[in-house]
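Participant:
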Amino acid sequence: MCAITMKRKYETATTTTTSSTGARKMRRIVMSSLPDRMLASSSNECSPDTTVAKTLAQEAPLQSYADCADFFHAPTQAEIDAYDHEALAAIRTQNMDVLRQFHATGRPLKCSNKFGESLLHMACRKNMVEVTTFLTQTASVPFAVCDDYGRTPLHDACWAHTTNFELIDLILTACPDLLYIKDKRGNTPLSYLRKDKWASWNKYLATKSADFLKPKQLSTSC
Numbered sequence: 126m127c128a129i130t131m132k133r134k135y136e137t138a139t140t141t142t143t144s145s146t147g148a149r150k151m152r153r154i155v156m157s158s159l160p161d162r163m164l165a166s167s168s169n170e171c172s173p174d175t176t177v178a179k180t181l182a183q184e185a186p187l188q189s190y191a192d193c194a195d196f197f198h199a200p201t202q203a204e205i206d207a208y209d210h211e212a213l214a215a216i217r218t219q220n221m222d223v224l225r226q227f228h229a230t231g232r233p234l235k236c237s238n239k240f241g242e243s244l245l246h247m248a249c250r251k252n253m254v255e256v257t258t259f260l261t262q263t264a265s266v267p268f269a270v271c272d273d274y275g276r277t278p279l280h281d282a283c284w285a286h287t288t289n290f291e292l293i294d295l296i297l298t299a300c301p302d303l304l305y306i307k308d309k310r311g312n313t314p315l316s317y318l319r320k321d322k323w324a325s326w327n328k329y330l331a332t333k334s335a336d337f338l339k340p341k342q343l344s345t346s347c
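For what it's worth, this note's numbering labels the leading residue of the sequence shown as 126, then goes sequentially.
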């Protein structure tokens, strides 16, 4: 682990596709590598992953996203088609009226681009509690989604510059299983926390019981 990096970094990967009108470029957002993102600091705090394992009184049942295909809800073509500028704008501006209208007319809100990066990922990355509540509780969008790097909405919530524990409570109440999903790099969501967040996270986790934190589906799905 190296220098302090407080600002979220992105790498831009470019994929080129060919159509009848010629070459067309599609850009996607990729998280920077962990060593650039994590905060190296002197701390006696144990990692939040360790705190979870201690609460469970057993080794945490970690699973690679690649082994959990039956757990995740892959996007349909209709959901990919629904991931457009209108949907993204409604999320970015937290326009609840537009989101309610989309839902009322049957427009899919469990939508993502072809890489699996979804509206729910964005809402969790930006700490949007009201939007996330609407998507998951009213529009029935599942938390069990991931992108092609294996990142779940909880990975994005942990990656956020600040932690909103109201949002974390919302996610873990519905799907504590996400705590145990490792992405393509082999990292759990809690692995993305900077070390200066460990104390607040450990304090939060200390208020949770083993029953609250234990996975609901992974033991049978993966």
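Yeah, the Cβ is synthetic: ideal placement off N, Cα and C, and Gly gets one too. Treat the numbers as computed from the prediction; the structure is a model and nothing was measured.
At what residues does the alpha helix (DSSP H) containing residue 247 begin and finish?
Facilitator: Segment 244–250, the alpha helix (DSSP H) holding residue 247.
Participant: By Cβ distance, which residues of its chain are closer than 7 Å to residue 335, with the 5 residues on each side in sequence left out?
Facilitator: Excluding positions up to five away in sequence, the list reads 180, 181, 182.
Participant: So, residue 337 versus residue 269, is the Cβ gap smaller than 8 Å?
Facilitator: Their beta carbons are not under 8 Å apart, which means residue 337 does not touch residue 269 by this criterion.
Participant: Please decide whether residue 181 counts as near chain D, where near means a Cβ-Cβ distance under 8 Å.
Facilitator: Absent here is chain D; the protein component of the structure consists of one chain.
Participant: Out of 323, 340, 333, which has the shortest C-alpha to C-alpha gap to residue 173?
Facilitator: Of the listed residues, the one whose Cα sits closest to residue 173 is 323.
Participant: Using three-state DSSP, classify residue 322 as helix, strand or coil.
Facilitator: Correct three-state label for residue 322: helix.
Participant: Within 7 Å: the Cβ of residue 237 and any heavy atom of the ligand NAD?
Facilitator: Because no ligand of any kind appears in the structure shown, any question about the ligand NAD cannot be addressed here.
Participant: Under three-state DSSP, which class holds residue 328?
Facilitator: Correct three-state label for residue 328: helix.
Participant: In this structure, how does DSSP classify residue 202 when only helix, strand and coil are distinguished?
Facilitator: Helix at residue 202.
Participant: Output the boundary residues of the alpha helix (DSSP H) element that contains residue 228.
Facilitator: Residues 221–229.
Participant: If I follow the unbroken alpha helix (DSSP H) through residue 173, where does it start and stop?
Facilitator: Segment 173–181, the alpha helix (DSSP H) holding residue 173.
Participant: I need the DSSP call for residue 188, collapsed to helix, strand or coil.
Facilitator: Residue state, collapsed to three classes: strand.
Participant: When the Cα of residue 275 is compared with those of 292, 313, 265, 285, which residue comes out closest?
Facilitator: Considering only alpha carbons, the answer is 313.
Participant: Hey, residue 282 and residue 250 are a contact pair by Cβ (cut 8 Å); roughly how many whole angstroms apart?
Facilitator: With a Cβ gap of about 7 Å, residue 282 and residue 250 count as contacting.
Participant: Looking at residue 292 and residue 252, is the spacing between their C-beta atoms short of 8 Å?
Facilitator: Against a cut-off of 8 Å, the Cβ pair of residue 292 and residue 252 comes out as a contact.
Participant: Would DSSP call residue 237 helix, strand or coil?
Facilitator: In the structure shown, residue 237 sits in a strand (DSSP, three-state: E or B).
Participant: At which residues does the alpha helix (DSSP H) containing residue 256 begin and terminate?
Facilitator: Element bounds for residue 256: 254–258.
Participant: Under 8 Å Cβ to Cβ from residue 245, same chain only, skipping five residues before and after it: list those, please.
Facilitator: Taken in chain order, the residues that qualify are 235, 257, 260, 261, 266, 268, 270, 278.
Participant: Which two residues bound the contiguous alpha helix (DSSP H) that contains residue 335?
Facilitator: Start and end: 335–338.
Participant: Look at the alpha carbon of residue 176 and the alpha carbon of residue 304, and state the distance between them as a whole number of angstroms.
Facilitator: For residue 176 and residue 304, the distance between alpha carbons rounds to 12 Å.
Participant: The alpha helix (DSSP H) that contains residue 213, what's its start and end?
Facilitator: First-last of the alpha helix (DSSP H) with residue 213: 210–217.
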